[in-house]
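**Student:** Quick note: the sequence shown uses the working numbering, first residue -18, plus one each step. By construction, the Cβ of each residue, glycine as well, lies at the ideal position given by its N, Cα and C atoms. Since the model is a prediction, treat every value here as computed from it, not as a measurement. Quick one: this structure, given as structure tokens, is what I'll be asking you about.
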Amino acid sequence: MNFPERLAADAALIEAHLQTALLNRADQPVTHAMRYAVRGGKRLRGFLVLEGARMLGVPESRALPAAAAVEALHAYSLVHDDLPCMDDDDLRRGQPTVHKTWDEATAVLAGDALQTLAFELLTDPALGGADVRVALVAALSRASGIDGMVLGQALDIAAETAGRPLTLDEITALQAGKTGALIRFAAEAGALIAGADPMPLRRYATALGLAFQIADDILDVTGDAAKTGKRLRKDAEAGKATFVSLLGLEAAAQRSRDLVVEAEVALAPYGERAANLRSAARFVVERQS
-18 MNFPERLAAD AALIEAHLQT ALLNRADQPV THAMRYAVRG GKRLRGFLVL EGARMLGVPE
42 SRALPAAAAV EALHAYSLVH DDLPCMDDDD LRRGQPTVHK TWDEATAVLA GDALQTLAFE
102 LLTDPALGGA DVRVALVAAL SRASGIDGMV LGQALDIAAE TAGRPLTLDE ITALQAGKTG
162 ALIRFAAEAG ALIAGADPMP LRRYATALGL AFQIADDILD VTGDAAKTGK RLRKDAEAGK
222 ATFVSLLGLE AAAQRSRDLV VEAEVALAPY GERAANLRSA ARFVVERQS
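Here's what the structure looks like:
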């Protein structure tokens, strides 16, 4: 199965697993909002979990709860990022954001519940023994908390009131948490499940995560809102420093391509088994959404 087919197939698997996990829950607006929030998207993070596991000889059925967990966590972050107190967005994945479809309180609670669902999913015995599940819980906690995604978001908010544009080093550090940390967890999860050395996948994910964010900054300038499914040009409107504003469009694009090469080099120990992960790195900088 080639990369586009695999990405689509994995997205369908993850979607089904998440919706099944939300069956037989309280019939409340917050539950409906959770189901709404996890619909759609590329599922790139979940794909990284499943493909890393497959590459290391772990059946996708065993890794699926971890793939669903990282997507639930990612969905929570998007619901909260879209809130008026954060990025104040009206559109996500081509549909109205959760707080626009319901209300702010429901969106906050839906995000909270998706975060806890992620850790519930990581307790699934299918993932392996208690040591594997604890390792996954610890890794996702670090990636999503004050040492990872939350720290990145906090730095992003602080930058808006700092009174000066961030430097390139500061933006790189911010995005290593806000975007990169969850991508690193996703790439390493397969190794954790397989009991393998995660370092090559960590190096791959570090380059991939930064390339992903640079590509996002480029899309914010050059993209089509109908394809991205979200509001564009907002960084420029807010006067925020980005990789594009600091490097220029062409230099930013070249930096993203260089990072793809770094990601591909990191996969050398896996040979041809890593073909789809190499394709994922190229997809990150070529995507239109």
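Please state if the CB of residue 262 and the CB of residue 245 are separated by a distance shorter than 8 Å.
**Tutor:** Along the sequence shown, read from residue 1 onward, the residue named residue 245 stands at position 264. Along the sequence shown, read from residue 1 onward, the residue named residue 262 stands at position 281. The answer is yes: Cβ separation under 8 Å.
**Student:** Report the rounded CA-to-CA distance for residue 251 versus residue -12, giving the unit in angstroms.
**Tutor:** Here residue 251 refers to the residue found at position 270 when the sequence shown is read from its first residue. Here residue -12 refers to the residue found at position 7 when the sequence shown is read from its first residue. C-alpha separation (whole angstroms): 20 Å.
**Student:** With a threshold of 8 Å, are at least 3 pairs of Cβ atoms found where one atom belongs to the stretch 35 to 50 and the other to the stretch 166 to 186?
**Tutor:** yes
**Student:** Going by C-alpha distance, which of 9, 222 and 248 is nearest residue 136?
**Tutor:** To locate residue 136, count along the sequence shown from 1; it is residue 155. Per the Cα distances, 222.
**Student:** Give a yes or no on whether the C-beta atoms belonging to residue 18 and residue 103 are separated by under 8 Å.
**Tutor:** For the purposes of this step, residue 18 is taken as residue 37 along the sequence shown, with counting starting at 1. For the purposes of this step, residue 103 is taken as residue 122 along the sequence shown, with counting starting at 1. Contact flag unset, no.
**Student:** Distance cutoff 8 Å, beta carbons only. Does residue 134 sit that close to anything in chain B?
**Tutor:** This model lacks chain B altogether; it includes just one protein chain.
**Student:** Based on the DSSP secondary-structure assignment, which residues constitute the bridge partners of residue 72?
**Tutor:** Position 91 of the sequence shown, counted from the first residue, corresponds to residue 72. BP columns for residue 72 point to 77.
**Student:** For residue 188 versus residue 247, is the C-beta spacing smaller than 8 Å?
**Tutor:** Along the sequence shown, one-based indexing puts residue 188 at 207. Along the sequence shown, one-based indexing puts residue 247 at 266. Against a cut-off of 8 Å, the Cβ pair of residue 247 and residue 188 comes out as a contact.
**Student:** Cα-Cα, which of 183, 230, 190 and 155 is closest to residue 200?
**Tutor:** Looking up residue 200 in the sequence shown gives position 219. With distances taken between Cα atoms, residue 200 lies closest to 230.
**Student:** Determine the direct distance from the alpha carbon of residue 32 to that of residue 94, and round the result to whole angstroms.
**Tutor:** Within the sequence shown, residue 94 is the residue found at index 113, counting from 1. Within the sequence shown, residue 32 is the residue found at index 51, counting from 1. Computed Cα separation, rounded: 27 Å.
**Student:** Which value, in whole angstroms, describes the spacing of the CA atoms of residue 182 and residue 168?
**Tutor:** Working through the sequence shown from its first residue, we reach residue 182 at position 201. Working through the sequence shown from its first residue, we reach residue 168 at position 187. Rounded to whole angstroms, residue 182 to residue 168 spans 6 Å at the Cα level.
**Student:** Near residue 120, what residues of its chain come up, given a Cβ to Cβ distance below 6 Å and the 5 sequence neighbours on each side ignored?
**Tutor:** Taking the sequence shown and counting its residues from 1, one reaches residue 120 at position 139. 166.
**Student:** Does the stretch 13 to 28 come into contact with the stretch 70 to 77, if we say contact requires no fewer than three beta-carbon pairs (one atom in each stretch) closer than 8 Å?
**Tutor:** Judged by Cβ distances under 8 Å, the stretch 13 to 28 makes contact with the stretch 70 to 77, as three or more pairs qualify.
**Student:** Check residue -18 in the structure and name its three-state DSSP category.
**Tutor:** Within the sequence shown, residue -18 is the residue found at index 1, counting from 1. Note: residue -18 maps to coil in three-state DSSP.
**Student:** Measuring only the C-alpha atoms, how far is residue -8 from residue 140?
**Tutor:** Numbered from 1 along the sequence shown, position 11 holds the residue referred to as residue -8. Numbered from 1 along the sequence shown, position 159 holds the residue referred to as residue 140. Rounded to the nearest whole angstrom, the CA to CA distance from residue -8 to residue 140 is 34 Å.
**Student:** What three-state label does DSSP hand residue 23 in the structure shown?
**Tutor:** Taking the first residue of the sequence shown as position 1, residue 23 is located at position 42. Three-state DSSP puts residue 23 in coil, outside helix and strand.
**Student:** Comparing C-alpha positions only, which one of 172, 148 and -4 sits nearest to residue 109?
**Tutor:** Walking along the sequence shown from the start, residue 109 turns up at place 128. When only C-alpha atoms are compared, the closest one is 172.
**Student:** Considering only the beta carbon of each residue, do residue 16 and residue 52 sit closer than 8 Å?
**Tutor:** Translated into the one-based positions of the sequence shown, residue 16 becomes position 35. Translated into the one-based positions of the sequence shown, residue 52 becomes position 71. When the beta-carbon positions are compared, residue 16 and residue 52 stay at least 8 Å from each other.
**Student:** Quick check: the stretch 49 to 67 against the stretch -7 to 8, are at least 3 beta-carbon pairs closer than 8 Å?
**Tutor:** Below 8 Å, enough C-beta pairs join the stretch -7 to 8 and the stretch 49 to 67 to call them touching: three or more.
**Student:** Here's a check: name, in chain order, each residue in its chain whose Cβ is nearer than 7 Å to the Cβ of residue 6, leaving out the five neighbours to either side.
**Tutor:** As a first step, residue 6 is located in the sequence shown; it is residue number 25 there, counting from the start. Excluding sequence neighbours, residue 6 sits near 12.
**Student:** Who are the Cβ neighbours of residue 152 in its own chain at under 8 Å, not counting the five residues just before and after it?
**Tutor:** Locating residue 152 in the sequence shown gives position 171, where the first residue counts as 1. Cβ neighbours of residue 152 beyond the five flanking positions: 222, 223, 224 and 227.
**Student:** Distance, Cα to Cα, residue -17 vs residue 258?
**Tutor:** Position 2 of the sequence shown, counted from the first residue, corresponds to residue -17. Position 277 of the sequence shown, counted from the first residue, corresponds to residue 258. Their Cα atoms are separated by approximately 11 Å.
**Student:** What are the start and end residues of each continuous alpha helix (DSSP H) run of 4 or more residues lying completely inside the stretch 1 to 61, in chain order?
**Tutor:** 10 to 18 and 25 to 36
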